[in-house]
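The block underneath contains the structure these notes are about, expressed in structure tokens.
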Amino acid sequence: MPQPGDSLGSTMVLGPDKKLGFLRDTSVQPFAPKEENIEIDLPAGVRDAVVKVALSYQPRPGDVYPIDEQTFPVHMDKFP
Amino acid sequence: MKKILPVLLGVALWVTLALAQSTTNGKAREITSLKGLIARYNSESCKECHEEIYGQWEKSHHARPLMGMSDQIFLTRYLKEGPLAIKKGEKATRENLICVKCHLPQMLEPDVSDAVFEELAQAVQKGDKTTLRQLNIGCLMCHGDKAMVHGKAERGVIYGSKDIPEHEGNPVKKSALLKNPLICGQCHGLGPVLEFKNPEQCATLYGSYLHGYIPSGGSKSCQDCHMKSGNHYMPPNFNNRAETSALYKAALPMDVEVMGYTFQPKENEMYPRIVVKTKITNKAGHRIPDG
Numbered sequence: 000m001p002q003p004g005d006s007l008g009s010t011m012v013l014g015p016d017k018k019l020g021f022l023r024d025t026s027v028q029p030f031a032p033k034e035e036n037i038e039i040d041l042p043a044g045v046r047d048a049v050v051k052v053a054l055s056y057q058p059r060p061g062d063v064y065p066i067d068e069q070t071f072p073v074h075m076d077k078f079p
Numbered sequence: 000m001k002k003i004l005p006v007l008l009g010v011a012l013w014v015t016l017a018l019a020q021s022t023t024n025g026k027a028r029e030i031t032s033l034k035g036l037i038a039r040y041n042s043e044s045c046k047e048c049h050e051e052i053y054g055q056w057e058k059s060h061h062a063r064p065l066m067g068m069s070d071q072i073f074l075t076r077y078l079k080e081g082p083l084a085i086k087k088g089e090k091a092t093r094e095n096l097i098c099v100k101c102h103l104p105q106m107l108e109p110d111v112s113d114a115v116f117e118e119l120a121q122a123v124q125k126g127d128k129t130t131l132r133q134l135n136i137g138c139l140m141c142h143g144d145k146a147m148v149h150g151k152a153e154r155g156v157i158y159g160s161k162d163i164p165e166h167e168g169n170p171v172k173k174s175a176l177l178k179n180p181l182i183c184g185q186c187h188g189l190g191p192v193l194e195f196k197n198p199e200q201c202a203t204l205y206g207s208y209l210h211g212y213i214p215s216g217g218s219k220s221c222q223d224c225h226m227k228s229g230n231h232y233m234p235p236n237f238n239n240r241a242e243t244s245a246l247y248k249a250a251l252p253m254d255v256e257v258m259g260y261t262f263q264p265k266e267n268e269m270y271p272r273i274v275v276k277t278k279i280t281n282k283a284g285h286r287i288p289d290g
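Chains as they are written, first to last, in numbering that gives the first Met the number 0: chain A, 0 to 79; chain B, 0 to 290.
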């Protein structure tokens with residue numbers, strides 16, 4: 000998401016009455032897919048797991064709009 | 000000289016009369032109360048013939064621009080604390096209410112008096128939702144003042160996608176702007192609004208459209224996606240949570256690949272590892288999130 004400052008320093012601010020410029024912008028840009036690789040190490044011996052990937056939007060802290068949720072059963076011994 | 004003098008007097012008298020007329024008209028048009036502002040920009044007369052469009056607009060955020068998500072008066076906090084707060088013992092001015100530039104653009108018309116700003120601030124402070132719900136971005140904003148950027152909108156003219164001189168009430172004149180992204184960009188903006196004493200930055204969406212979407216080869220207009228078939232509902236409607244979630248899902252398709260394997264970092268060490276690869280594509284004409 001666009002992370003605004005007040006153009007007086009490098010501290011992020013919340014609220015349109017204080018925003019004046021961006022410090023950082025991690026939003027999803029048109030024609031620029033955002034890719035991430037997440038590696039999850041598990042304790043030795045675990046052979047099966049369930050991975051749930053959820054995408055949501057929070058316009059305000061705690062105010063969540065769910066967008067997508069996908070669940071995947073994972074087996075470490077797919078190729079025995 | 001004898002002949003010139005009466006002519007000069009005549010010209011002087013005409014100029015004086017014209018100025019007096021203009022002042023009288025100016026006074027007559029001046030809006031001194033919220034009631035007057037609501038009456039001037041009332042969309043009810045449009046509803047009589049354009050009921051379906053009115054019904055669509057009525058459910059949109061344009062019909063309640065002073066009410067934030069979940070029917071909250073978003074200005075309350077800003078008038079209480081922060082750079083836009085009203086100072087103790089002082090009356091609210093235009094500088095406290097710069098949000099109206101987009102949330103209630105009719106307030107910045109030159110014939111709206113300072114008293115209206117004070118009254119609006121009082122309505123916000125009192126939590127007067129009945130009054131605030133009547134203040135909106137109605138038909139006469141986009142089909143009036145905002146429909147012209149090359150010169151001023153004509154008084155008594157409604158702007159549309161084609162000329163309809165016989166239109167009941169007021170003639171309709173064609174404005175190419177109504178189908179152009181710029182009509183939306185006037186409010187869904189470029190970034191900082193630096194023309195105020197306490198500048199702020201609210202909407203940046205049109206900036207993203209101009210500098211992110213178009214240079215990447217985008218060809219759609221705001222209207223193509225947010226006003227399909229001329230629908231004036233103009234989503235997203237953040238008060239309809241399920242609908243907004245579905246809209247985001249369509250705009251931000253997410254692909255996920257998941258794999259599990261046994262990782263061996265050292266000769267005598269092994270443990271299971273899961274790799275999750277996500278790819279989110281933005282199919283909108285602007286960054287997400289934005290506004």
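Ideal placement from N, C-alpha and C gives every residue a C-beta, glycine not left out. Computed from a predicted model, the values in this text were never measured in an experiment.
Output yes if chain B places a C-beta closer than 9 Å to the C-beta of residue i; else output no.
i	result
A/G20	yes
A/M0	yes
A/R46	yes
A/S6	yes
A/M11	no
A/G14	yes
A/R23	no
A/G61	no
Measuring CA to CA, which of the options is closest to residue i?
i	options	result
B/H225	B/S44, B/Y53 and B/S59	B/S59
B/N95	B/K86, B/H102, B/C101 and B/L103	B/K86
B/Y270	A/P65, A/D40 and A/Y56	A/D40
B/K90	B/P64, B/V111, B/M106 and B/L119	B/L119
B/M253	A/M75, A/V73 and A/Q69	A/Q69
B/G206	B/P234, B/G190, B/K248 and B/G137	B/G190
B/A146	B/Q185, B/L131, B/D113 and B/E167	B/Q185
A/Q57	B/M68, B/F116, B/H49 and B/S220	B/M68
B/I30	B/C45, B/E47, B/K248 and B/Q105	B/Q105
B/F237	A/K77, A/F78 and A/Y64	A/Y64
B/G126	B/K248, B/L78 and B/R93	B/L78
B/M233	B/W56, B/S44 and B/R132	B/W56
B/V192	A/I37, A/M11, A/K17 and A/E38	A/K17
B/C48	B/F73, B/L131, B/G168 and B/A241	B/G168
B/K278	A/A31, A/E38 and A/F78	A/A31
A/D47	A/G14, A/K77, A/K33 and A/E35	A/K77
Between residue i and the ligand FAD, is there a pair consisting of the residue's CB and a ligand heavy atom that are separated by less than 8 Å?
i	result
B/I157	Within the structure as shown, the ligand FAD is missing, as the structure has no ligands at all.
Can you tell me the Cα-Cα spacing of residue i and residue j, whole angstroms?
i	j	result
B/A152	B/V99	19 Å
B/D70	B/H231	20 Å
B/N41	B/L139	8 Å
B/P82	B/D223	37 Å
B/Q200	B/K282	25 Å
B/P198	B/L65	19 Å
B/K265	A/I66	40 Å
A/S26	B/K227	25 Å
B/L33	B/V115	6 Å
B/K128	B/I37	14 Å
B/T22	B/R39	Annotation note: pLDDT 42 at B/T22 (below 50); position unreliable, coordinate value reported separately. The straight-line gap from Cα to Cα measures roughly 19 Å.
B/L214	A/A43	According to the sequence as given, residue 214 of chain B is Pro; it is not Leu. When rounded, the distance between both Cα atoms is 49 Å.
B/E50	B/K276	49 Å
B/I97	B/E108	13 Å
B/G217	B/C141	24 Å
B/K46	B/G229	16 Å
A/V12	A/L19	9 Å
B/G25	B/T92	Only weak support is given to the placement of B/G25: the predicted model assigns it a pLDDT of 48, under 50, and the question is left unresolved by the model.
Are the Cβ atoms of residue i and residue j separated by less than 9 Å?
i	j	result
B/H61	B/N179	no
B/V123	B/T75	yes
B/V274	B/V257	yes
B/P170	B/I157	yes
A/G8	A/F21	no
B/L204	B/R272	no
B/S174	B/G159	yes
B/R28	B/D113	no
B/G290	A/P29	no
A/M75	B/Y260	yes
A/P60	A/D24	no
Are any of the Cβ atoms in chain A nearer than 9 Å to that of residue i?
i	result
B/K196	no
B/S215	yes
B/H285	yes
B/S21	The predicted model places B/S21 with a pLDDT of 39, which falls under 50 and marks its position as unreliable, so this point remains unresolved.
B/S228	no
B/G25	Model confidence at B/G25 stands at a pLDDT of 48, short of 50, so the residue's coordinates are unreliable and nothing is read from them.
B/I85	no
B/T92	no
B/F116	no
B/G81	yes
B/Q263	no
B/E129	The amino acid occupying residue 129 of chain B in the given sequence is Thr; Glu does not appear at that position. No, no contact with chain A.
B/V257	yes
B/T280	yes
Measure how close the beta-carbons of residue i and residue j come, nearest whole angstrom, since I'm counting them as under 8 Å.
i	j	result
B/L103	A/L54	Not really, about 34 Å apart at Cβ, beyond 8 Å.
A/V49	A/P72	6 Å
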